[in-house]
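Asks:
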Amino acid sequence: MLITQLKSKEIIESLAEGKIVIINCHGCKEVYFAEHEADELQKELSASKEITKIITTDYICNPDNLKLQLKKHMDVINAADTILVFSCGVGIQTVADQFQEKRVYSCCDTYQLPGFQGVTALNVDCGQCGECYLNGTGGICPITACSKSLINGQCGGAKNGMCEVDKDMECGWERIYRKLEKMNKLDNMKYDAPKVRNFGISKEK
Amino acid sequence: MRITELFEKGEFVVTAEVGPPKGVEIDHLIKDAHEFLKTRVHALNVTDNQSSVMRTGSLATCKVLKDEGLLPIFQITCRDRNRIALQSDVLSAALLGIENLLLLTGDYTTLGDHPQAKPVFDLDSVSLIHAVKCLEQGFDLAGNAVDGKPPKFAKGAVVSPCSDSVDVQLAKMEAKVKAGCEYFQTQGVFEPDKFMEFMEKAKQFGVPVQLGLIIPKNVGMCRYMNGNVAGVHVPDDMIEELKADKEKTKAGDTGVEICARLIKECKDYCQGIHIMSLGWENRIPEILDMAGIAPVAK
Ligand code: SF4
Ligand code: SF4
Chain A
26 MLITQLKSKE IIESLAEGKI VIINCHGCKE VYFAEHEADE LQKELSASKE ITKIITTDYI
86 CNPDNLKLQL KKHMDVINAA DTILVFSCGV GIQTVADQFQ EKRVYSCCDT YQLPGFQGVT
146 ALNVDCGQCG ECYLNGTGGI CPITACSKSL INGQCGGAKN GMCEVDKDME CGWERIYRKL
206 EKMNKLDNMK YDAPKVRNFG ISKEK
Chain B
671 MRITELFEKG EFVVTAEVGP PKGVEIDHLI KDAHEFLKTR VHALNVTDNQ SSVMRTGSLA
731 TCKVLKDEGL LPIFQITCRD RNRIALQSDV LSAALLGIEN LLLLTGDYTT LGDHPQAKPV
791 FDLDSVSLIH AVKCLEQGFD LAGNAVDGKP PKFAKGAVVS PCSDSVDVQL AKMEAKVKAG
851 CEYFQTQGVF EPDKFMEFME KAKQFGVPVQ LGLIIPKNVG MCRYMNGNVA GVHVPDDMIE
911 ELKADKEKTK AGDTGVEICA RLIKECKDYC QGIHIMSLGW ENRIPEILDM AGIAPVAK
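So the protein sequences, as listed, match chains A and B. By the count of this note's numbering, the first sequence reaches residue 230 at its end, each step adding exactly one. By the count of this note's numbering, the second sequence reaches residue 968 at its end, each step adding exactly one.
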C-alpha cells in the first residue's frame, strides 16, 4: 500500500503562483490519500491564492484516462500558471508529462506501507522515496528515471543524451534539465545546500 | 601538502594518474612513479576501483606513495560505500596524512567486472563534497560532533567540458562549487575549441580547472572512446593524423605529439593539467618537455 502525505502548508503555498488549478486523485484503493486534510488545506489556500478550479478525479496515473477526465476543463487549465497535484508520485508525473511547459507541482510525499502495492504498469514509476523531489525536477522522478537515483544532477556518464548504464535509456537528468528549460525554471538546479536522501523513510533502497 | 596551496601560489599544477593493480604487488607502480613522475608532476591521483573493476584500494596505495615521498590524491567514489563508510574513509585519510581528495559519483557497477554487485550511491559527488566539508567544520553528515581538531583537505571533483550536454554538466559543476569543491580535473579533452568555450563559461565559478588529457594510443582506442566513453570525442582529423604514419603511431610518438599540442593550445585557458596515461606513464616526461612544461620544484 502507498501512503501519500501532504507536504507542509508553507511548501505548498510557496509553489502556488498565479492562477492555480488543483487536481486531486482519489483513484485507487491501494493509495491512501489524505482527503480530509487536503480539503482543509485547499480551503485555506483559496483565501490567499487565486484558485480557478479544483478538479477531483481518479486514475490520473493512466495518461488516456487523464486526458479524458481533463477534457472539459482544458480552457481553465490552459489559462492557469500552476497546476498543483494531490496524488501519488506516478499521478503527478503523468500530469507533468502531459503539460510539458506548465509548472506542475507535487503537494504530496509518497511512501510505502508494507503489504500490497499499487499496480501501475506505466511508463513512469515512483520509488516511494517519502520526500518527493518532483517539484525541483520538472515533474520527472529522479529516483526512478536516473539509473543511480541521483538527486543533485547528472553524473559524468551520459553520452548523446543516453544513460551510461543502459544505452537504450535516455539519461534521466538530461530529461529533467530539458524539461526545466522548457518550463523556464532552470533556477531549480541552483540551490545552496546539497540534497541528501533519507533512506530511513524510503522504500527504494 | 594540499594542492590547493599550489593553485593559490599561481603554480600551473601538473598531476597524473595511477591505478592500483588487482593484487598487492605494486613495486612496478612505485618504480614508474619514481622514474617518470616524481620530478614532473605535483601530485598523483590514485583511482578507486576504476571502471568498477575490483582492485587494491586507493587509500592504502595513497599511503604507500606518500611514504615514498610522492603527493597522492585519494579518489573516492560513491559506488561501493554508504555515507558511514565514506566519512569513515575520509577520516582515515586524515589519520594517514592524506590531504588531497577527488570526490566522484563513480561508474555504475554493471560496467565493471562484478556486474552482480549491489550499487550503493547513497551519496553522490555533490553530497560527498558536502559531507567532507561538514567533517572539516567538526561535524559529521548527521550533525554529530567529531572529536578533536577537524581535518582539512583539498576537495576536488571532475567535470566534462566536451560533453554533448555541456549545459547540464555546468549546472552540476556549479552545485559542486557551492557544496565546497576547490579544484576541478576534467574528462579527457581532444577539442581545444570546446574546452575554451567551456572555460569561458566556467570562469564565473572562480575555481581552478586542470585540463584532462588522455594519450591517444591508436585509431582503435579513439574509435572506442568515441562510441563508448562519455564526454570524450576525438575529431576526425586527429584520427587521420594517427592513421597517416603507422610506424610513428605504433611507436606512440603521434599520441605524444597530439597530447603536447593540446597542452600548448589550452594552457593559457586553465590552471593546470591532469594526464591520464593509462599505462604509458613513461611517456609523460616527453609530453611535458614537448609542451614546454618545466620539471616541478621540490
Ligand atoms: S521523487 Fe519519485 S520516488 Fe520520490 S515520491 Fe516523488 S515520484 Fe515517488
Ligand atoms: S547517465 Fe543520467 S540517468 Fe544514467 S546514471 Fe548518470 S545521471 Fe543518471
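C-beta: ideal position from N, C-alpha, C; glycine also. As the structure is a computational prediction, the values presented were derived from the model and not from experiment.
1. Name, please, each residue of chain B whose Cβ falls closer than 9 Å to the Cβ of A:L40.
2. Spell out whether any CB of chain B is found under 9 Å from the CB atom of A:K34.
3. Name the one or two DSSP bridge partners that B:G826 has.
4. Determine, using beta carbons only, whether B:K937 and B:F677 come nearer to each other than 9 Å.
5. Is there contact here, the segment 844-851 of chain B with the segment 791-803 of chain B, by at least three beta-carbon pairs under 8 Å?
6. Starting from A:T107, trace the beta strand (DSSP E) in both directions and tell me its first and last residue.
7. Quick one: what's A:V56 bridged to in DSSP?
8. CB-CB under 7 Å to A:I176, same chain, minus the five flanking residues each way: which ones, in chain order?
9. On the criterion of 16 or more Cβ atoms from any shown chain inside 10 Å, does A:S39 qualify as buried, or is it exposed?
10. Please go through the same chain and pick out, in chain order, the residues whose beta-carbon is closer than 8 Å to the beta-carbon of B:Q807, but skip the five residues on each side of it.
11. Please report the residue range of the alpha helix (DSSP H) in which B:R893 lies.
12. Give the DSSP-derived three-state secondary structure of B:R953 in the structure shown.
13. Under 6 Å Cβ to Cβ from B:I957, same chain only, skipping five residues before and after it: list those, please.
14. Consider the C-beta atom of A:L175 and the heavy atoms of ligand 2; say whether any pair is separated by less than 8 Å.
15. Got a sec? Which residues, its chain only, sit under 8 Å from B:V889 by beta carbon, not counting five neighbours each side?
16. Looking at ligand 2, does it come within less than 8 Å of A:A183, judged from the CB to the closest heavy atom?
17. Tell me the residue span of the beta strand (DSSP E) that contains B:P715.
18. May I ask you to report which of helix, strand or coil DSSP gives A:S131?
19. Taking 9 Å as the threshold (C-beta atoms), are A:V110 and A:V149 in contact?
20. At a threshold of 8 Å, does A:S131 count as lining ligand 1 (C-beta to nearest heavy atom)?
21. Buried or exposed: where does B:P886 fall if 16 or more other Cβ atoms within 10 Å of its Cβ makes it buried?
22. If we count the other Cβ atoms within 10 Å of its Cβ and call it buried at 16 or more, is A:S112 buried or exposed?
23. Can you check whether the C-beta of A:N87 is within less than 9 Å of a C-beta belonging to chain B?
24. Take every Cβ of the segment 768-786 of chain B, pair it with every Cβ of the segment 820-831 of chain B, and state whether three or more of those distances are shorter than 8 Å.
25. Which residues in the same chain as B:M895 place their Cβ atom closer than 7 Å to its Cβ, once the five residues preceding and following it in sequence are excluded?
26. Excluding sequence positions up to five away, which residues of its chain have a Cβ less than 6 Å from the Cβ of A:E189?
27. Nearest to B:L765 by alpha carbon, out of B:G782, B:C732, B:I754?
28. Three-state secondary structure (DSSP) at B:P742?
29. Can A:T232 and A:I48 be called in contact, C-beta distance under 9 Å?
30. Taking C-alpha atoms, which residue in A:S227, A:P88, A:F124, A:I117 lies nearest to A:A104?
31. Among A:G161, A:K74, A:T29, A:C133, which has the Cα closest to the Cα of A:E55?
32. Would you decide whether B:K751 is buried or exposed? Buried here means 16 or more other CB atoms lie within 10 Å of its CB.
33. With the cut-off set at 9 Å, would you say A:A63 and A:L31 are in Cβ contact?
34. Would DSSP call A:L211 helix, strand or coil?
35. What's the call for A:G155, buried or exposed, on a 16-neighbour Cβ count within 10 Å?
36. Taking DSSP's pairing of strands, which residues face B:H800 in a bridge?
Replies: Considering the structure as presented:
1. Those within 9 Å of A:L40 in chain B number zero; the least Cβ separation is about 21 Å.
2. no
3. B:L772, B:Y853
4. no
5. yes
6. 107-111
7. A:L27
8. Y158, P167, K220, R222
9. exposed
10. P820
11. 889-898
12. helix
13. V926, C929, A930
14. yes
15. I909, L912, K913, T919
16. yes
17. Residue 715 of chain B is actually Asn in this sequence, not Pro. That run of the beta strand (DSSP E) goes 713-716.
18. strand
19. no
20. yes
21. buried
22. buried
23. no
24. yes
25. V902, V904
26. G182
27. B:C732
28. strand
29. Absent from the model: residue 232 of chain A. The displayed extent of chain A is 26 to 230, so no value can be given.
30. A:F124
31. A:T29
32. Reading the sequence as shown, one finds Arg at residue 751 of chain B and not Lys. Classification for B:R751: buried.
33. yes
34. helix
35. buried
36. For B:H800, which the question treats as bridged, DSSP gives no partner whatsoever.
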